[in-house]
Structures are given as structure tokens and as C-alpha cells.
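Report on the structure given below.
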Amino acid sequence: MKEIAIHINPEYKRRVMSQSYVIVGDGIAGASAAETLREEEPDADITIITDEGEPLYNRILIKEFAKGKLPEAPISIHDESWYDDRDVDLELDTLVTNIDPEGHTVTAHDGTEYDYDKLLLAIGGTPTQLPVENSDAEGIHHFWTFQDARDIKEHIEGADNSVVIGAGLLGIDLAAITAAQEVEGKYLMRGKAWWRYALSEEGAEIIHEALRERDVEPVFDSGVDHFEVDENDRVTTAVDPNGDRYDADFVGIAIGLNFNTEILGGTDIEYDNGIYTDEFMRTNHDDIFAAGDITEFHDLILGDRAQNGAWGSAKEQGTIAAKNMVDYGSEEFRWVSSYSITHFDFPFLSFGHPTLGDDHVEAKYSDTEWRRLAIKDGKIVGGVLIGDLSPQTKYKKLMREQVDVSGQKEVLVKQDFQLDDLEGAAAEQ
Ligand SMILES: Cc1cc2nc3c(=O)[nH]c(=O)nc-3n(C[C@H](O)[C@H](O)[C@H](O)COP(=O)(O)OP(=O)(O)OC[C@H]3O[C@@H](n4cnc5c(N)ncnc54)[C@H](O)[C@@H]3O)c2cc1C
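Residue numbering for the sequence shown follows the UniProt record's numbering, starting at 1 and increasing by one per position.
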């Protein structure tokens, strides 16, 4: 019998044969990828695996829950029916422990294997533990999940005094929770200012003062040497490196994230602090993508690798990753990230990479109004605005379009700065 060779156009094959997509992580990056994949590929098999016991919730709002300002319900974003309605298999309480890029499978803690054509790793990070004596005692909290927020709320409501450690964006949430729950506290910081890599002492003093007004006392050049505990292994005291002692039956620690890269061990997926991707969110494997906090992506604006830790960025990366999993090269990630703090009477916003740069400019306008821009190679790479957020669109535009602002630093921080104020090439943007 004569053999007939059938050649299927790969593009046709891609469209007619259903693909199977596996997403690890049901945070905002993984969940938005699932949503986009379903829109783009109505017939694909989509599975989303999370080690958490509940589907996507709003991680940004869990602090409001812990403060006692919001009930649980509005914090949930998807219930299980959201996945059923979109024919997405949701695997809760399932920890992926192994990835086999050659075999195109991932394996869960219980031995279940999931085959994939394309894999998305949207696995975020886990709070870093403080490596000091008794840091695992009862009453010491880290903060990342909704369950953490429930534990924090339950404990802080009955607490007498508190200590918070970690002078960054998550540490201040813990400090604001103790303030909102009216528990007097100490906020122990290394150095002389909150978020000293992004703010000067003058800018940070606005935050310090707002904390003091809420009975949270910043303590500088401090930190924790060890914790003391009672006979039930409950924390009683934080002792700082100077030997100063702070009574606390509630301790909150937010000293950074360890990115969840341990499951990459044994694979040749490239990573360092996070997983390396290109601007299409693809790793060094054609069929493996990554999105959200876990990525060290090629930042088209910086022209360098970067890592973001913000909700909007993670959401956008999930969407972009999904588009490129379906059609590689279709859309690139080009994004200026923002992060706002709403604990105080004045607004606060950081954008881009405020801790980077080889130069900066700042100005103070009033007791609650201050600005700082970080500049690298003559271009804005990030900034912090306190009090008046109205110029943010202009600064972000200058950053996104990589406008050279060399020699015009003082113009940039005029209180009513307008793009037209810039001279030459910059002003034409
Ligand atoms: C208290 C708090 C307040 C915040 N406030 C703000 C804010 O005001 N503005 C802002 O922009 N950002 C804020 N953020 C940061 C923002 O929430 C994160 O940038 C964003 O949620 C990252 O999303 P992601 O999907 O990349 O990662 P994540 O939300 O961390 O999701 C990753 C998921 O993957 C799961 N996972 C990891 N490894 C595995 C595995 N091996 N198997 C199965 N599942 C796994 C994790 O359990 C997790 O559910 C805040 C974060 C916290 C914790």
C-alpha cells in the first residue's frame, strides 16, 4: 500500500490541537495568566496548582483585615466556582516539589504528576526568617498569606505591647496594624531612617512622625540580637544589638522575601535571586515561563535585569506571560511599577526602582510633602512621592520613555513641575 505523508502546518496544529497549560501559583500573577489563557485558548486544558488552602485573594488588602478595618469577604477575589466556570482545574493544598523540563511534567508533594505542554511558574516568595535565637517562638509573626493575617489579627487584638522589625514596605504594614489595633509599640530599625535605600532622613522623618502620632516609636540604629521567651516558649522581650530591651508579647518581622526557587534545583532553568526571563516572560526553556515577584526579567526600560515586588506588575506579567505562551513574541512586558501606602493622613507612592540609580534629587515642600527621584545615566529610574502624588504621571512618562534629564534635576522637583519646563530633547517628549 502506498504511504501518504501528511504534513501539518505547525501554526494550524497549534490552533486545532488542544494544548495543556500548567500554572504553579494562584497569586495574582498565576490567576491572571489562567484568565488570559482561557480567553486566548478556549479549548486548552488549564491546571493551576497552589500550596495555599484557598483560591486567589487580594494580598494587598490582608493588612486592612489585620487592622480590623475590613471583614474577610471582600478580600477574596475568586471562589472555586470562578475556576469551574472557566473549566480551569484548581488544585489547592498542593505543593509542587519537582519540575522535569525534559519530560514536561511537574510533581506534587503527594507524588501526583502533571503533564504540560507549557508551564508557568508564578511562585512568588516566602518571608525571610530572622536568624536569631528564639525567632520561632510563639507570638512572633511573619506576614505574607491571608492565614498569616488571621493569626496576626487574633493575636494583636489581645496584645499589650509590640515590636516590629523590618524598615521597608511590609514592615510599615505591620507597624500600622499595631497602631490601628491601639497596641503601643516599638519599630526597631537598622540605620537612622525608615526605608533608607529609597528615602533620605528628611523624607523618612515624615513617616516617623506619623508613626509616633500613632504610638509607634521608631528606634534607630537598632534591630534584634535575640528574643527572650517565657516558660511556654512565648516571646516576652526583644533585645537589640546594643543590649536595649523591649517588652513585647507581639512581634512582627518583615525583613524581606526568599524567592521560592528551591524547586528549580536539579533543573537547568536559569535563576539567581529570581527566575531569569526575557521581556516575553520566557525562561531559558522554550516551554517554561515565569511571572510575578519571582521573575528577574529583562527590563526594557532599565536595559538590565530587574525584579518587581508589586501587585500591578505581577498581574501584568501574568497576562503578558499567558499571551506569549500562546503566541511567543506577541507582547512584551514594559511597565513602570507603583506601590502606594495608605496608612497615614497623607498619600505615599513609590514607583519604578527608587533604590537604584547613580544620582538623585529631592525636595521638601511642607511637613507632609516631599519628593525624591532616582536617576541612572541621566534618566529617571524611580522615585518616592509623599503628600502630593499629582506629578506621578509625568515622572512615570519620563521614565517609560527614557528621557534624558541630565542637568535638569532642579527643574524636575519644582513643586508644580510640568513636562514643558524641561529643556531641549526632553521637553519635546
Ligand atoms: C501584606 C502585604 C501587603 C502588600 N501591599 C502591597 C501594596 O500595597 N501594593 C503592591 O503593589 N503590592 C503589595 N504587596 C505585594 C504584592 O502583594 C505582591 O507583589 C504580589 O502579590 C505578587 O504576586 P505573585 O502572584 O507574583 O506572588 P504571590 O502572591 O506570592 O503568589 C505566589 C503563590 O505561589 C504559591 N507557591 C509558591 N511555591 C509553590 C509551589 N512549589 N507549589 C505550589 N504553590 C506554590 C504561593 O503559596 C503563593 O500562593 C503586598 C504584599 C503583602 C504580603
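We put the CB at the ideal spot given by N, CA and C, even for glycine. All values reported here derive from a predicted model rather than from experimental measurement.
List the endpoints of the continuous alpha helix (DSSP H) containing residue i.
| i | result |
| --- | --- |
| residue 271 | Note, residue 271: premise wrong, no alpha helix (DSSP H); not H, not E. |
| residue 146 | 146-156 |
| residue 36 | 28-40 |
| residue 313 | 311-326 |
| residue 203 | 201-213 |
| residue 409 | 409-412 |
| residue 174 | 171-180 |
Can you tell me where the beta strand (DSSP E) with residue i in it begins and where it stops?
| i | result |
| --- | --- |
| residue 298 | 295-299 |
| residue 364 | 359-366 |
| residue 385 | 379-386 |
| residue 394 | It is not in any beta strand (DSSP E) - residue 394 instead sits in the alpha helix (DSSP H) that spans 392-400. |
| residue 20 | 20-24 |
| residue 192 | Where residue 192 is concerned, there is no enclosing beta strand (DSSP E), given that its DSSP letter is neither H nor E. |
| residue 86 | Note, residue 86: premise wrong, no beta strand (DSSP E); not H, not E. |
| residue 113 | 113-115 |
| residue 98 | 96-100 |
| residue 43 | Neither: residue 43 is in no beta strand (DSSP E) and is coded neither H nor E. |
| residue 352 | 348-352 |
| residue 374 | 369-376 |
| residue 125 | 125-127 |
| residue 288 | 288-290 |
| residue 70 | Segment: none, residue 70 is in no beta strand (DSSP E) and carries neither H nor E. |
| residue 75 | Run containing residue 75: none; DSSP gives neither H nor E here. |
| residue 253 | 250-253 |
| residue 245 | 245-247 |
| residue 109 | From DSSP, residue 109 is part of no beta strand (DSSP E); its letter is neither H nor E. |
| residue 131 | Unbroken run through residue 131: none, as it is neither H nor E. |
| residue 259 | 257-259 |
| residue 141 | 140-142 |
Using a threshold of 8 Å, state whether the C-beta atoms of residue i and residue j are closer than that.
| i | j | result |
| --- | --- | --- |
| residue 53 | residue 123 | no |
| residue 382 | residue 351 | yes |
| residue 49 | residue 116 | no |
| residue 402 | residue 379 | yes |
| residue 94 | residue 108 | yes |
| residue 29 | residue 292 | yes |
| residue 162 | residue 185 | yes |
| residue 36 | residue 374 | no |
| residue 174 | residue 68 | no |
| residue 450 | residue 22 | The shown model of the chain, from 1 to 429, leaves out residue 450, and the question about it has no answer. |
| residue 419 | residue 394 | yes |
| residue 240 | residue 256 | no |
| residue 263 | residue 413 | no |
| residue 187 | residue 217 | yes |
| residue 338 | residue 310 | yes |
| residue 296 | residue 268 | no |
Taking residue i as the reference, which of the options has the closest Cα?
| i | options | result |
| --- | --- | --- |
| residue 132 | 182, 384, 228 | 228 |
| residue 238 | 247, 206, 137, 230 | 247 |
| residue 232 | 172, 146, 134 | 134 |
| residue 156 | 63, 221, 250 | 250 |
| residue 286 | 206, 270, 336 | 270 |
| residue 387 | 174, 347, 405 | 347 |
| residue 372 | 400, 397, 409, 336 | 409 |
| residue 110 | 125, 51, 159 | 51 |
| residue 303 | 311, 309, 405, 279 | 279 |
| residue 168 | 183, 193, 31, 59 | 193 |
| residue 19 | 208, 36, 41 | 41 |
| residue 77 | 57, 65, 96 | 57 |
| residue 158 | 244, 273, 389, 66 | 66 |
| residue 146 | 96, 119, 71, 205 | 71 |
| residue 112 | 129, 119, 91 | 91 |
| residue 85 | 105, 423, 38, 189 | 38 |
| residue 100 | 136, 172, 196, 265 | 265 |
| residue 59 | 274, 148, 44 | 148 |
| residue 206 | 406, 384, 87, 405 | 384 |
| residue 165 | 230, 88, 189 | 189 |
| residue 242 | 234, 219, 230 | 219 |
| residue 399 | 312, 301, 370, 74 | 301 |
Taking 7 Å as the cut-off, does the CB of residue i come closer than this to any heavy atom belonging to ligand 3?
| i | result |
| --- | --- |
| residue 95 | Judged by which ligands are present, ligand 3 is missing from the structure shown, whose ligands are ligand 1. |
Self-check item: Validate contact between the segment 317-324 and the segment 339-346 using beta carbons, cut 8 Å, 3 pairs
Solution: The segment 317-324, when compared against the segment 339-346, does not touch it at the 8 Å Cβ threshold.
Quiz item: Are the segment 178-192 and the segment 208-219 in contact at 8 Å, needing three or more beta carbon pairs?
Solution: By the C-beta criterion, the segment 178-192 is judged to be in contact with the segment 208-219, since at least 3 inter-stretch pairs fall below 8 Å.
Quiz item: Does the segment 187-202 come within contact of the segment 355-366, defined as at least 3 CB pairs closer than 8 Å?
Solution: The segment 187-202, when compared against the segment 355-366, does touch it at the 8 Å Cβ threshold.
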